[in-house]
Structure formats: C-alpha cells, structure tokens
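Input: a single structure, listed below in structure tokens.
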Amino acid sequence: MISYLSFAAILGLSSGFAPGPLLTLVIAETLQHGRAAGFKVSIAPLITDTPIVIVVVLLLSQISHVDPLIGGIAILGGGFVFYLGVISIRIRPVTLSTEMVKERSLLKGIVTNFFNPAPYIFWIGVGAPMLIKAYDESPVFAVAFIVTFYGLMVASKLFLSVVTAKSRNFLSGDIYLNIMRLLGVAMCLLALGLVYDGLRLSGLIG
C-alpha cells in the first residue's frame with residue numbers, strides 16, 4: 001500500500017503545483033474574489049475527471065489480463081510521466097498577469113479542465129492501470145490511491161493560491177522552483193519503474 005500512496009502523493013503534488021491553465025485560473029480567482037472562489041475552481045477536476053476515470057478503468061479492466069497490451073500502455077505511461085518530470089526539472093520562473101482576468105466560476109473551471117488533454121493522457125497511460133493494479137490487491141488500496149492523489153492535488157493548488165495572494169512573486173521564487181525540480185526528479189524515477197514493469201509485462205525482459 002505504501003508504494004501506491006507514494007506514487008499517488010508524488011503525482012498529486014506534481015499535478016497540483018505544476019503551472020497550467022487550471023492553476024492560473026485558481027490563482028486569478030483567489031486574487032480577485034477570495035479563497036472561496038479559488039477553492040471552487042480547485043475542485044473542478046473532481047467533477048471533470050470522474051467520468052474519465054470510470055470509462056477508462058472499465059475499458060482497461062476488460063483487457064487487464066492481456067499482459068503485452070498492458071505492458072505497452074505502461075511503457076507509454078512511463079514515457080509521459082518522464083516527460084512531465086523533465087518539464088518540472090527545467091521549470092522557469094512563473095509570472096502572473098491579472099490585467100485581463102474576468103470573473104470566473106466553478107463552471108469555468110470545469111470547462112478549462114475538461115478541454116485539457118493532460119487528464120485523459122494521465123488516466124489512460126498511468127492512473128487507470130495503477131488503480132486497477134491496486135484494486136486487484138485490495139479495494140482499500142484503490143480508494144487510498146484516489147483519495148491521496150486528488151486530495152494532494154487540490155490541497156496544493158489551494159496552498160499556491162493562498163501563498164500567491166500574499167506574495168505574487170512566490171511562483172518566481174526559489175522555493176517554488178526547487179519544489180518543482182524535486183518533484184520532477186521523483187517523477188522521472190517513478191517513470192523508470194513504470195517502463196520496467198511495462199517491459200516485464202511485455203515479455204521484453206525477464
């Protein structure tokens with residue numbers, strides 16, 4: 001169970017801290033309308049990702065016994081995680097502009113995340129296979145994986161919104177950049193593990 005929690009924690013924090021459309025929206029809402037507005041946008045993935053998770057898990061569970069196919073998915077997923085890790089390691093200071101920020105809502109957060117391809121790629125190549133594997137060992141492990149991943153992702157976005165509201169230079173400071181680089185290294189290591197499992201399941205290594 002510890003390995004699943006570690007995996008979920010690293011990916012959850014990385015997703016939450018990583019700059020992107022949703023994080024920008026969270027911070028913009030917090031700066032203009034307060035923490036409650038930022039919180040509403042932060043929980044958008046809980047709504048948009050639910051149907052994605054259900055559909056992908058149901059589809060992959062039907063082929064979970066086909067080791068070569070699952071192995072190929074694991075290799076692709078590992079490559080995606082490694083790519084995200086490299087981006088995190090090479091992160092540059094983030095600057096925010098609120099000059100054109102308009103009033104946002106939970107609906108806007110949902111739309112923003114729904115059209116973001118990252119959740120789809122993540123759950124097809126990484127999240128769903130890991131969730132199925134955890135469930136096969138124990139339903140408790142699967143629940144812990146989901147709760148840890150989304151709990152830390154939402155919490156980290158809220159943390160950044162609150163901190164940035166107090167200091168708008170936080171995202172360009174060394175603390176944030178070093179956090180992202182450490183998470184990037186951790187993701188690269190996890191990616192290697194995923195690729196190894198994929199090669200083993202595919203029968204390419206013993």
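Take the sequence shown: its letter number 184 is residue 184 in the working numbering, and every next letter is one higher.
Using N, Cα and C, we set each Cβ at its ideal position, and we do this for glycine too.
Note that the structure is predicted; figures quoted are calculated from it, not measured.
Counted within 10 angstroms of its Cβ, other Cβ atoms place residue i as buried (16 or more) or exposed
i	result
Met100	Residue placement at Met100 is flagged as unreliable, the pLDDT there being 46, under the threshold of 50; the coordinate-derived value follows with that caveat. Exposed, since its Cβ has fewer than 16 Cβ neighbours within 10 Å.
Pro119	buried
Pro19	buried
Leu59	exposed
Gly173	exposed
Glu29	buried
Phe17	buried
Ile124	buried
Thr50	exposed
Lys166	exposed
Gly184	buried
Phe115	exposed
Ser14	buried
Val140	exposed
Asn113	buried
Reference residue i, options the options, closest by Cα
i	options	result
Thr164	Gly34, Ile54, Ala9	Gly34
Ala8	Gly151, Gly71, Tyr196, Phe170	Gly151
Leu204	Asn113, Pro68, Asn169	Pro68
Lys133	Leu11, Leu46, His65	His65
Leu221	Ile70, Gln62, Ile52, Val26	In the structure displayed, the chain extends from 1 to 206; residue 221 sits before or after that span and is not available.
Ala142	Val26, Ser161, Ala128	Ala128
Val94	Lys108, Leu201, Pro21	Pro21
Leu158	Val56, Ser3, Gly184, Ala37	Ala37
Val53	Leu182, Phe145, Ser156	Phe145
Leu23	Leu182, Val162, Arg181, Leu201	Val162
Gln32	Ser3, Ala186, Arg168, Pro117	Arg168
Leu25	Lys108, Ser3, Gly12	Lys108
The ligand NAD heavy atom lying under 7 Å from the CB of residue i
i	result
Val185	As presented, the structure is devoid of all ligands, the ligand NAD included, so that no description of it is given.
Run of the alpha helix (DSSP H) containing residue i, from where it starts to where it stops
i	result
Thr95	Per DSSP, Thr95 belongs to no alpha helix (DSSP H) and is neither H nor E.
Leu204	Element bounds for Leu204: n/a, residue is neither H nor E.
Asn113	106 to 114
Val208	Nothing about residue 208 can be reported from this structure: the residues present for the chain run from 1 to 206 only.
Gly38	35 to 42
Do three or more CB pairs link the region 182 to 199 to the region 72 to 80 at distances below 8 Å? Taking a cut-off of 8 Å on C-beta distances, the region 182 to 199 touches the region 72 to 80, as three or more cross pairs fall below it.
Is the region 42 to 60 in contact with the region 143 to 157, if contact means three or more CB pairs nearer than 8 Å? Judged by Cβ distances under 8 Å, the region 42 to 60 makes contact with the region 143 to 157, as three or more pairs qualify.
State whether the region 81 to 89 contacts the region 176 to 195, with contact taken as three or more CB pairs (one from each stretch) at a distance under 8 Å. These segments touch.
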